[in-house]
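Numbering (our numbering), first residue to last: 1451 to 1519.
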């Protein structure tokens, strides 16, 4: 599990994927999210701008990202 510590109140989904090095660019993040390949807290998420807060779990490509405060 990859852990991302929040610097602000939230991080956007696309930014989290980039910060975890699971995608190379914002364009890649946009594509995998819009293709329905990313889940947040178990539900498929298609909004790149989805705000993630402490405790949220992102699943993508067999990897998990945990957002921590």
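The beta carbon of each residue, even a glycine, is placed where N, CA and C say it ideally should be.
- Query: What separation, rounded to the nearest whole angstrom, lies between the Cα atoms of residue 1499 and residue 1460?
  - Reply: Here residue 1499 corresponds to residue number 49 of the chain shown, with the count starting at 1. Here residue 1460 corresponds to residue number 10 of the chain shown, with the count starting at 1. So the alpha carbons of these two residues sit roughly 11 Å apart.
- Query: Taking Cβ to Cβ, would you say residue 1515 is nearer than 8 Å to residue 1452?
  - Reply: In the chain shown, the residue the question calls residue 1515 occupies position 65. In the chain shown, the residue the question calls residue 1452 occupies position 2. With contacts defined by Cβ atoms closer than 8 Å, residue 1515 and residue 1452 form a contacting pair.
- Item | Those residues which DSSP pairs with residue 1510 across a bridge | Position 60 of the chain shown, counted from the first residue, corresponds to residue 1510. Beta-bridge pairing links residue 1510 to 1488, 1513.
- Excluding the five sequence neighbours on either side, which residues of its own chain have a C-beta within less than 6 Å of the C-beta of residue 1458, listed in chain order? As a first step, residue 1458 is located in the chain shown; it is residue number 8 there, counting from the start. Taking residue 1458 as the centre and dropping the five residues before and after it, the same chain places no C-beta closer than 6 Å to its C-beta.
- Buried or exposed: residue 1483, going by 16 or more other Cβ atoms within 10 Å of its Cβ? Here residue 1483 refers to the residue found at position 33 of the chain shown. By the neighbour-count criterion, in which 16 or more other beta carbons inside 10 Å mark a residue as buried, residue 1483 falls on the buried side.
- By a C-beta neighbour count over all protein chains shown, 10 Å radius and 16 as the cutoff for buried, is residue 1477 buried or exposed? Position 27 of the chain shown, counting from 1, holds the residue named residue 1477. By the neighbour-count rule (16 or more Cβ atoms within 10 Å), residue 1477 is not buried but exposed.
- Query: Short check: CB of residue 1495 to CB of residue 1456, under 8 Å?
  - Reply: As a working mapping, residue 1495 is identified with position 45 in the chain shown. As a working mapping, residue 1456 is identified with position 6 in the chain shown. Contact: no.
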